[in-house]
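Take a look at the structure set out below.
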Amino acid sequence: MAYPANRMRRLRRTEALRSLVRETHLHPGALIAPVFLCPGEGVRREISSMPGVFNLSIDQAIQEAKAAAALGLGGLLLFGLPEHKDDQASGAWDANGIVQQALRAMKQERALDSLVLIADVCLCEYTTHGHCGVVQQQKKSSATFTVDNDTSVALLAKTAASLAQAGADIVAPSDMMDGRVAAMRTALDAAGCTETPILSYAAKFASAFYGPFREAADSAPQFGDRRSYQMDGANLREALREIELDLGEGADMILMKPALPYLDVIHAARTRFDVPLGAYQVSGEYSMLQAAFARGWLERDRARLESLLSIRRAGADFIVTYFAQEAAQLLG
Ligand code: PBG
């Protein structure tokens, strides 16, 4: 039936009607806030390229976490800036590493019980060179370096087990080494953490949109780039293969990133795989919106929610976003 029998505008007339027929919803419980933990006490240092995002010492992070729990957020994604970096990333798998300490402290707080504490698993914040794995054949001229897959996987598996033992509810590998999920499952089980799920950043693209994060996490590679392990942004079919392999290795859930420039990939993954699927609205997506808000070029509240809604509509069950607290306030 066509116009005039059909008038699409009938159901758009009032907010009550629009609300009744809305297909996609955002709720605070589906939002996860990243947290950047740093050494010290009373430290709350704003990231210059990410206004509103801070490096937090553990005491400050606990305050932030309590506020997040009060807002009904689904969880936190924890990153650490260690005291020392070295070529074995020892700060990542040290039982007294910064994230391990934070997890133990957070698990003492009953007020945080409603939050899922997700520990990012990667080496880039902990290596002197800033790559996500162990670098071999490092020369002054960077062209010849390689990030060795299998030695990296061994350290990543050790890291995952250590984070789970410290209290992580979920471990989330973001390194993009091959075979890390299987190795982590084995290491977790051997450590008695058979109930700890793995959220694999299965499809993670080598993206310019991670720029501001590398300031926040102090993890910019000192030479070369990440294109020998993160995916080429041109490849959708390869992303689906990555996901399939990670699920085969035992991943319980998958995370896609970035989000906004890769909505088609999120949608394709949603259509193909029946597992919980998250998307990460990454630092550059946040910074570009903040920059536009600061200039008055975009309406803050509307643009923020629209960007999150589009990610949900594409198929993400939950979203990791630096807007989590602000969005939860708006939705509340
Ligand atoms: C660590 C990691 C990165 C991000 C999440 N985990 C950085 C990178 O791969 O360079 C990016 C998140 C963001 O940009 O907000 N490997």
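Position one of the sequence shown corresponds to residue 77 (this note's numbering), numbered consecutively onward. Cβ coordinates follow ideal geometry from the N, Cα and C atoms, glycine included.
Reference residue i, options the options, closest by Cα
i	options	result
Ala315	Leu96, Arg98, Ala345 and Ala137	Ala345
Val192	Ala81, Gly148 and Val211	Gly148
Pro337	Pro297, Phe281 and Asp377	Phe281
Leu152	Arg180, Arg120, Phe112 and Leu264	Phe112
Leu154	Ile134, Gln212, Asp377 and Leu231	Ile134
Trp169	Thr272, Ala181 and Cys198	Cys198
Val129	Tyr305, Leu385 and Gln401	Gln401
Pro127	Arg348, Gly391 and Pro288	Pro288
Gln357	Val97, Ala106 and Met84	Ala106
Glu271	Ala279, Tyr277, Thr262 and Ala278	Thr262
Ser304	Ala144, Thr90, Ala109 and Val211	Val211
Met252	Asp308, Ala240 and Phe221	Asp308
Leu179	Trp373, Ser190, Ala240 and Cys208	Ala240
Val351	Pro249, Ile274 and Ala368	Ile274
Leu232	Asp254, Trp373 and Ala379	Asp254
Phe349	Leu407, Arg378 and Arg317	Arg317
Asp393	Ala242, Arg313 and Thr347	Thr347
Phe299	His207, Gly243, Phe369 and Ala92	His207
Gly243	Ile194, Lys142 and Asp328	Ile194
Arg380	His343, Phe399 and Pro110	Phe399
Exposure label - residue i; buried when at least 16 CB within 10 Å
i	result
Ser124	exposed
Pro158	buried
Tyr79	exposed
Leu132	buried
Glu201	buried
Arg205	Sequence inspection shows His at residue 205; the Arg mentioned does not correspond to that position. Classification for His205: buried.
Met260	buried
Asp196	buried
Val175	buried
Arg256	buried
Gly150	buried
Gln306	buried
Arg302	buried
Gln405	exposed
Leu353	buried
Gln366	buried
Met332	buried
Ala171	exposed
Ser250	buried
Bridge partner(s) assigned by DSSP for residue i
i	result
Leu331	Gly354
Val211	Val223
Ala263	Answer is none; Ala263 lacks a bridge partner.
Ser276	Ile330
Pro249	Val197
Phe281	Met307
Pro110	Leu153
Phe394	Gly354
Glu122	Phe130
Val257	None, per the DSSP bridge assignment.
Beta-carbon proximity list for residue i, same chain, < 6 Å, skipping 5 on both sides
i	result
Ile387	Ala335, Ala355 and Ile395
Asp294	Leu157
Lys234	Trp169
Gln136	Arg120
Ser363	Ser125, Met126 and Pro288
Residues near residue i by beta carbon distance below 7 Å, same chain, minus five either side
i	result
Thr203	Lys161, Asp163 and Ala165
Met389	The identity of residue 389 in the sequence shown is Arg, whereas the question assumes Met. Thr100.
Ala145	Ala187, Leu188, Ser190 and Leu191
Gly326	Val257, Ala258, Arg261 and Ile274
Glu117	Ser133 and Asp135
Sequence-distant residues of its chain with Cβ nearer than 8 Å to residue i (five each side left out)
i	result
Ala284	Gly360
Ala58	Since the displayed the chain opens at 77 and closes at 408, residue 58 lies outside it and no answer follows.
Asp322	Val257, Ser276, Ala278 and Ile330
Gln213	Thr220, Phe221 and Thr222
Any C-beta of chain D under 8 Å from that of residue i
i	result
Ala279	In the displayed structure, chain D is absent; only one protein chain is listed.
Meets three-Cβ-pair contact criterion under 8 Å: the region 221–231 and the region 173–193:
Not touching, per the Cβ criterion.
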